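Q: Residue numbers (the working numbering): 65 to 148. Idealized CB from N, CA, C, for every residue including glycine. Just so we're clear, the structure is a prediction, and the values are computed from it rather than from any experiment.
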Amino acid sequence: MNSPTEIGLTTASNGSVLMLGDYAVDLLDLVELLANILRYGGYDLREDITDRYTARTVDLLVAELDTHASLLRRAITPARKETP
Numbered sequence: 065m066n067s068p069t070e071i072g073l074t075t076a077s078n079g080s081v082l083m084l085g086d087y088a089v090d091l092l093d094l095v096e097l098l099a100n101i102l103r104y105g106g107y108d109l110r111e112d113i114t115d116r117y118t119a120r121t122v123d124l125l126v127a128e129l130d131t132h133a134s135l136l137r138r139a140i141t142p143a144r145k146e147t148p
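1) Applying the criterion that 16 or more other CB atoms from any shown protein chain within 10 Å of the CB defines a buried residue, is A133 buried or exposed?
2) Give the C-beta separation of R137 and L92 to the nearest angstrom, bearing in mind that I take them to be a contact with Cβ-Cβ under 8 Å.
3) Can you look up L73 in the DSSP assignment and give me helix, strand or coil?
4) I need the straight-line Cα distance from R103 to L124, nearest angstrom please.
5) Across which residues does DSSP place V81 in a beta bridge pair?
6) Going straight from the alpha carbon of T74 to that of D130, what length do you get?
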């Protein structure tokens, strides 16, 4: 496993985490993949998660992963200038 500095992660003095764009894109891909696995996974996967946790766990996880994916996507997508 790589250290945080090897993959471009640093902590700013205000406590925020700074990361290289490539790492952020990889992280976004991973979050989206996990959300899709949970969203479209078969009955056995959902049943196993429900048995171990609560009935709403899968839906809550998918919603949280979608939220974080959206935040990451906005953070790594250059702002578009609006034309008047």
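A: The answer reads as follows:
1) buried
2) 6 Å
3) coil
4) 11 Å
5) T75
6) 25 Å
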